[in-house]
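See below for the structure under consideration.
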Amino acid sequence: MVASPSSHLNLLPDGYVIDEVNYTSNPHALMLSQAALTFDDTKPLPRYLDASNQKDWDYLLGQTYTILGLSVVTAATMTLLPESITKWDKESRSLKGLGKKWKDHVTEGPVWDRDEHILNYVMHPYFGGVYYTAARHSGFNEFESFLYSATMSTFFWEYGVEAFAEVPSWQDIFITPFLGSVVGEMMFEAEQSIVMSGGEVWGSETMGDISLFFLNPVGHIHGWVSSAWGGSAEFQFVNTPYFGNHSAASYAAESGARYDSVFYGAQLKITF
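Heads up: the sequence shown is residues 1 to 272, going by the UniProt record's numbering.
Here's what the structure looks like:
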């Protein structure tokens, strides 16, 4: 769509309306804010289809919590996949000695892995793009979204969740954020294009809905969960034994467990 700076009301396909939009020479400045974009029944555009025009740290944090939950589900699913795909042997799938396995894997890596090409060069760039779009929807620019993707893919997944089962991979460290950011920007622009065209792909709303989901799965799932739940969640890393839980400390002492001076873990607080 091409419009002049003096335009105040522009009708888009299927009743979308953009009112009083300030246009600049930068095409990315035309963001579809909730206040500006409405459907024919004046219902605001869902947040997961909206691109914020300023940094929204709260929304990015909420999506990050969703990524944490989805990562646990993904890791659990991978333990059920054949070893020929994940390259995780029986010992890697075991829950015994997780702390030692994580330390050994992190110390040993990174290495050149032997994963299937579809995992290294298709799935990893896609998930890097998923991280990237989460930041883009929260109002961050291309470089800032790349940094978010690199942080999540490297420190949270590669040296975090996945390191409990395998040694960090050189391919994943570089391919996921770098190629993922290129893929992610394409995903972001494709999504916005579909939204601007009325949410249809090949003239089909169903194909449009499916495409929009896979172009921004984290945003959709976060939106659905937030709407159905209405609660809140707080996540933090801790390094104090037993998270300050006196009952757990007493039980451990009575069981003969050693009271470690440093303990690494995580605490999740969920409010309904």
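Even for Gly, the Cβ is constructed at its ideal location relative to N, Cα and C. All of these numbers come straight from a predicted model, not from anything done at the bench.
May I have the straight-line CA-CA distance separating residue i from residue j, to the nearest angstrom?
| i | j | result |
| --- | --- | --- |
| threonine 133 | glycine 184 | 6 Å |
| glycine 99 | threonine 206 | 45 Å |
| tryptophan 157 | tryptophan 57 | 21 Å |
| methionine 152 | isoleucine 175 | 13 Å |
| serine 149 | lysine 96 | 30 Å |
| tyrosine 48 | methionine 196 | 14 Å |
| serine 255 | valine 72 | 30 Å |
| threonine 170 | alanine 51 | The sequence shown places tryptophan at residue 170, rather than the threonine named in the question. Those two C-alpha atoms are separated by around 32 Å. |
| valine 130 | proline 82 | 25 Å |
| threonine 77 | proline 217 | 17 Å |
| tryptophan 112 | isoleucine 85 | 16 Å |
| threonine 79 | serine 145 | 30 Å |
| serine 227 | proline 46 | 11 Å |
| serine 204 | tyrosine 121 | 30 Å |
| valine 182 | asparagine 141 | 13 Å |
| phenylalanine 188 | glutamate 108 | 36 Å |
| leucine 30 | leucine 147 | Interpretation of leucine 30 is limited by its pLDDT of 47, a score under 50 that renders its predicted location unreliable; the figure taken from the coordinates is listed afterwards. Taking the straight line from one Cα to the other gives about 23 Å. |
Quick one: residues in its chain with C-beta nearer than 8 Å to the C-beta of residue i, no 5 flanking neighbours on either side, listed in chain order?
| i | result |
| --- | --- |
| isoleucine 221 | Thr66 and Leu70 |
| alanine 190 | Ser211 and Leu215 |
| methionine 123 | none |
| methionine 186 | Gly129 |
Less than 7 Å separating the beta-carbons of residue i and residue j?
| i | j | result |
| --- | --- | --- |
| glutamine 63 | glycine 139 | no |
| proline 110 | proline 177 | no |
| residue 279 | tryptophan 102 | Since the first residue shown for the chain is 1 and the last is 272, residue 279 is missing from the structure and cannot be characterised. |
| glycine 219 | histidine 137 | yes |
Since residue i and residue j are thought to touch, with beta carbons under 8 Å apart, how far apart are those beta carbons, to the nearest angstrom?
| i | j | result |
| --- | --- | --- |
| phenylalanine 127 | glycine 180 | 7 Å |
| glutamate 166 | histidine 117 | About 17 Å separates the two Cβ atoms, so there is no contact after all. |
| leucine 61 | alanine 135 | The Cβ separation is near 11 Å, so there is no contact. |
Sorted by chain position, which residues of the same chain lie with C-beta nearer than 7 Å to residue i's C-beta, five sequence neighbours on each side aside?
| i | result |
| --- | --- |
| isoleucine 194 | Val201, Gly208, Ser211 and Leu212 |
If I measure Cβ to Cβ from residue i and keep anything under 6 Å in the same chain, skipping five residues before and after, which residues do I get?
| i | result |
| --- | --- |
| alanine 75 | Val161 |
| aspartate 172 | His124 and Glu158 |
| threonine 154 | Ile173 |
| leucine 119 | none |
Quiz prompt | Minimum length 4: unbroken alpha helix (DSSP H) runs contained in the UniProt domain "DUF3943" (109 to 218) | solution = Counting whole runs of 4 or more residues, the UniProt domain "DUF3943" (109 to 218) contains the alpha helix (DSSP H) stretches 124 to 137, 142 to 151, 170 to 196 and 205 to 215.
Practice problem: For the region 46 to 73, list the beta strand (DSSP E) runs that are entirely contained and at least 3 residues long, ordered along the chain. | Solution: None, since the region 46 to 73 contains no complete beta strand (DSSP E) of that length.
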